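Straight run, no breaks: the sequence shown in full-length UniProt numbering ends on number 295. The beta-carbon is built from N, C-alpha and C at its ideal position, and this holds for glycine as well. Fair warning: this is a prediction, and the values are worked out from it, not measured in the lab. Accompanying notes for the structure given below.
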Amino acid sequence: MEIRQLKTFMSIVKLGNFSQAAHFLGYTQSTVTTHIQLLEKEFNTLLFERFGHQLMLTTDGEKLYEYAESIIRLAEDAKNELEHFATPRGPLIIGMPESLCVYYLTDLLAEYAALYPDVELKLKFGISSDFRNLLRKNMMDLAFILEGNSKETDLVSKILWPEPIAMVVSPKHKLAKENMVGLKDLHDQTLLFVESGSIYRSHLEAALTKAAVHPRTILEICHIETIKKFVRSNLGLTVLPKVAVQEELANGTLVELQCPGITFKTNTYLVYHKDKWLSHGIQAFFKLVNERLLK
């Protein structure tokens, strides 16, 4: 038994014959006949009988009519309810590095919140390794991740754009006037980093270890703005996404160092678990990312 068969049955009862029901429903008369035959076969009974030109319900047809009304009404109620819930709603937990939020995503997140006020948008700042673990535990829906190459088979990674990384110092720093610096020049320097786990920090630390270069001090600082303030004060040097220091590079309060000894191959990815159910809220977020960030 299908809802469309019951609708055909109801239309015949209300309109009085098969041909008018077929015209009303946009079916051929043979389709209408088939719908009734299938219902009669399923219930092993006749639903209609003819008295001359008049089409009448049988006793079983009258019983089915009562049920059909309720079934169709419930089906319509379910359809309306589900269409209501098709509007994005509920919690949406997104992880991202602070730099991406501040320099790329603020306007997008504000627009999303305005478009979908029933979505409880929750942002978590941190590092890529933590985000991957939270995605695997289904404690996070999506994450923006900075990394070189995404190789996890259980995570879906959509590349968004390449992310240039800059090594920067204060104009007062002794390396600021050098056209090129080598890894050896970083020996005995003070390095300021975000917490362990960032891809660009890992790149630099791996290169320094390989070159047997030992910085004097490594300061770990949670917030990018604090790192930039310390670097501007000539406390040391840092590596950060270039977007995070483009204003300081433009106004001369920071200077970018060219270091051929290390290549930062970093991309921004939007990542989710391969088994994640993509809710209406997630799909709406994907759509907005495509429209606003990937034009």
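By the 10 Å Cβ neighbour count, where 16 or more other Cβ atoms means buried, how is Pro-241 classified, buried or exposed?
Looking at its Cβ environment, which holds 16 or more other Cβ atoms inside 10 Å, Pro-241 is buried.
Straight-line gap, Ala-284 to Tyr-200 (C-alpha atoms, nearest Å):
Cα to Cα, Ala-284 sits roughly 31 Å from Tyr-200.
Determine the DSSP secondary structure at Gln-54, reduced to helix, strand or coil.
If DSSP states are grouped into helix, strand and coil, Gln-54 belongs with the strands.
Would you call Glu-66 buried or exposed, if buried means 16 or more other Cβ atoms sit within 10 Å of its Cβ?
By the 10 Å Cβ count, Glu-66 comes out exposed.
Quick check on the DSSP output: what are the complete alpha helix (DSSP H) runs of length 4 or more inside the region 136–174, in order along the chain?
Listed in chain order, the alpha helix (DSSP H) elements of length 4 or more contained wholly in the region 136–174 amount to none.
Cβ-based neighbour list, Asn-138, same chain, cut-off 8 Å, excluding 5 preceding and 5 following
Correct list, in chain order: His-273, Lys-276.
By alpha-carbon positions, which one of Leu-186, Glu-225, Phe-9 ends up nearest to Ser-99?
Here the closest residue by C-alpha is Glu-225.
How about Leu-146 and Thr-266: do their beta carbons lie closer than 8 Å?
The Cβ atoms of Leu-146 and Thr-266 sit closer than 8 Å to each other.
Can you check DSSP and say which residues form a bridge with Phe-48?
As a beta-bridge residue in DSSP terms, Phe-48 pairs with Leu-57.
Could you give the DSSP three-state label for residue 360: helix, strand or coil?
No statement about residue 360 is possible, as the shown extent of the chain runs from 1 to 295 and does not include it.
With C-beta atoms as the reference, is Val-213 less than 8 Å away from His-187?
It is a contact, given that the beta carbons lie within the stated cut-off.
Spatial neighbours of Ile-165 within its chain, please: C-beta separation below 8 Å, excluding the five flanking residues on both sides.
For Ile-165, where only same-chain residues beyond five positions count, the Cβ hits under 8 Å are Tyr-200, His-203, Val-239, Leu-240, Pro-241, Lys-242, Phe-264, Thr-266.
Kindly give me the distance between the Cβ atoms of Leu-74 and Thr-58, rounded to whole angstroms, as I take these residues to be in contact under 8 Å.
Taking 8 Å as the upper bound for CB-CB distance, Leu-74 and Thr-58 are not in contact here, some 24 Å apart.
For the beta strand (DSSP E) containing Gly-90, name the first residue and the last one.
From DSSP, the beta strand (DSSP E) with Gly-90 extends over 90–96.
Whole-number beta carbon distance between Asp-141 and Ile-227, since they are thought to touch under 8 Å:
With a Cβ gap of about 29 Å, Ile-227 and Asp-141 do not count as contacting.
When burial is assigned at 16 or more other CB atoms within 10 Å of the CB, is residue 303 buried or exposed?
For the chain, the structure presents residues 1 to 295; residue 303 sits outside this window and is missing.
Would Phe-9 pass as a contact of Ala-68 if the rule is Cβ separation under 8 Å?
Against a cut-off of 8 Å, the Cβ pair of Ala-68 and Phe-9 comes out as a contact.
CB-CB under 7 Å to Met-180, same chain, minus the five flanking residues each way: which ones, in chain order?
These residues qualify, in order along the chain: Gln-258, Pro-260.
To the nearest whole angstrom, what separates the beta carbons of Ile-72 and Ile-127, a pair I think is in contact under 8 Å?
Not really, about 54 Å apart at Cβ, beyond 8 Å.
Would residue 327 and Leu-135 be called neighbours here (beta carbons separated by less than 8 Å)?
Only positions 1 to 295 of the chain appear in this structure, which leaves residue 327 out of reach.
Grab the span of the beta strand (DSSP E) containing His-273 for me, first residue to last.
Taken as a continuous stretch (DSSP letters only), the beta strand (DSSP E) holding His-273 covers 267–273.
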